[in-house]
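Working notes, structure below.
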Amino acid sequence: MFSKKSLKYQKIPLPDNVSISDEEMLSSITQFKEYMLKRHTIRDFSDREVSYDIIKHVIQVAGSAPSGANHQPWHFVAVSNADIKSRIREAAEIEEEKFYSGGGGDEWIKALEPIGTNAKKPHLETAPWLIIIFAERYGVFEDGTKYKNYYVPESVGIATGFLITALHKAGLSVLTHTPNPMNFLTGLCNRPQSNKPVMILTVGHPSSNATVPKVAKIKKSIDQILTVMK
Ligand code: IYR
232 MFSKKSLKYQ
242 KIPLPDNVSI
252 SDEEMLSSIT
262 QFKEYMLKRH
272 TIRDFSDREV
282 SYDIIKHVIQ
292 VAGSAPSGAN
302 HQPWHFVAVS
312 NADIKSRIRE
322 AAEIEEEKFY
332 SGGGGDEWIK
342 ALEPIGTNAK
352 KPHLETAPWL
362 IIIFAERYGV
372 FEDGTKYKNY
382 YVPESVGIAT
392 GFLITALHKA
402 GLSVLTHTPN
412 PMNFLTGLCN
422 RPQSNKPVMI
432 LTVGHPSSNA
442 TVPKVAKIKK
452 SIDQILTVMK
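In my numbering, the protein residues as written are 232 to 461.
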């Protein structure tokens with residue numbers, strides 16, 4: 232993607248200027264906040280289909296995220312194939328069984344009690360799409376030589392935030408799922424060794440009896456998460 236020869240700085244005028252009046256700013260962010268506060272992580276998905284068109288748009292939003300040296304060190308694998316979803320579920324549940332039967336350690340397993348999770352992951356098969364997020368630890372030029380990527384976890388984290396926000400805007404629900412360890416995903420998704428799996432997003436619509444853990448509605452207050460230095 233990056234040719235060593237063309238590494239030079241050029242600038243163009245700001246393509247889009249989204250400046251609006253102070254009043255419009257307040258109204259815009261208030262509405263957006265209200266909508267974002269309606270986002271809930273769910274574990275109970277219906278099998279209602281979601282078109283590939285939607286997936287394409289949300290991935291383009293994720294791909295627009297800022298990244299270290301603009302290297303965009305991410306790759307997304309979107310799976311709707313039932314057989315691959317089953318294989319991902321099978322491999323994930325093997326790891327989760329080990330985790331929940333003690334591998335995770337007492338403190339971690341206790342911390343998850345209010346969330347109500349366990350080793351069974353039916354959503355990996357029920358939901359119409361799984362999006363597997365990979366971090367590209369390094370890039371490879373067409374001639375096979377490697378180049379370094381920078382701030383990879385930070386860049387992938389930002390892109391993932393964009394992606395979850397875009398999925399919510401599309402009216403979809405998401406579960407961030409992190410089987411531990413999850414190296415099996417590199418092989419199952421046919422990705423090269425430079426690709427480190429970061430998480431699975433289960434994507435779809437909630438089932439009619441979907442629930443959320445009560446504790447999930449408790450969010451830290453603004454005073455707890457913000458220090459203002461005027
Ligand atoms: N990977 C496990 C355990 C798990 C860990 C955290 I941290 C969570 O917030 C939720 C679950 C699982 O997916 O069940």
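The beta carbon of each residue, even a glycine, is placed where N, CA and C say it ideally should be.
{"Query": "Candidates 460, 278 and 330: closest to residue 361 by CA position", "Result": "278"}
{"Query": "Under 8 Å between C-beta atoms of residue 366 and residue 427", "Result": "yes"}
{"Query": "Secondary structure of residue 266, DSSP reduced to three states", "Result": "helix"}
{"Query": "Cα-Cα separation, residue 457 to residue 270", "Result": "21 Å"}
{"Query": "Helix, strand or coil at residue 437 [DSSP, three-state]", "Result": "strand"}
{"Query": "Buried versus exposed, by CB contacts within 10 Å (16 or more), residue 424", "Result": "exposed"}
{"Query": "Assigned secondary structure, residue 428 (DSSP; H/G/I helix, E/B strand, else coil)", "Result": "strand"}
{"Query": "Cβ-based neighbour list, residue 444, same chain, cut-off 8 Å, excluding 5 preceding and 5 following", "Result": "345, 346 and 347"}
{"Query": "Heavy atom of ligand 1 within 7 Å of residue 408 beta-carbon", "Result": "yes"}
{"Query": "Reference residue 412; option with closest CA among 380, 382 and 322", "Result": "322"}
{"Query": "Beta-carbon proximity of residue 410 to residue 273, cut-off 8 Å", "Result": "no"}
{"Query": "Residue 330: CB within 7 Å of a non-hydrogen atom of ligand 3", "Result": "In the structure on display, ligand 3 does not appear, and the ligands it does have are ligand 1."}
{"Query": "Exposed unless 16 or more other CB atoms sit within 10 angstroms - verdict on residue 276", "Result": "buried"}
{"Query": "Residue 312 CB to nearest heavy atom of ligand 1 below 7 Å", "Result": "no"}
{"Query": "Status (buried if at least 16 other CB within 10 Å, exposed otherwise) for residue 465", "Result": "Nothing about residue 465 can be reported from this structure: the residues present for the chain run from 232 to 461 only."}
{"Query": "Residues near residue 259 by beta carbon distance below 8 Å, same chain, minus five either side", "Result": "251"}
{"Query": "Whole-angstrom C-beta distance between residue 370 and residue 382, which should lie under 8 Å", "Result": "Wrong, their Cβ atoms sit about 14 Å apart, outside the cutoff."}
{"Query": "Rounded C-alpha distance that separates residue 373 from residue 262", "Result": "45 Å"}
{"Query": "Three-way DSSP call (helix, strand, coil) for residue 372 in this model", "Result": "coil"}
{"Query": "Rounded C-alpha distance that separates residue 452 from residue 238", "Result": "45 Å"}
{"Query": "Top-ranked residue by Cα proximity to residue 309, from 246, 290 and 326", "Result": "290"}
{"Query": "Anticipated Cβ contact below 8 Å, residue 393 with residue 295, distance rounded", "Result": "7 Å"}
{"Query": "Which residues DSSP lists as bridging residue 364, in chain order", "Result": "307 and 430"}
{"Query": "Contact belief for residue 307 with residue 364 at Cβ below 8 Å, rounded distance in angstroms", "Result": "6 Å"}
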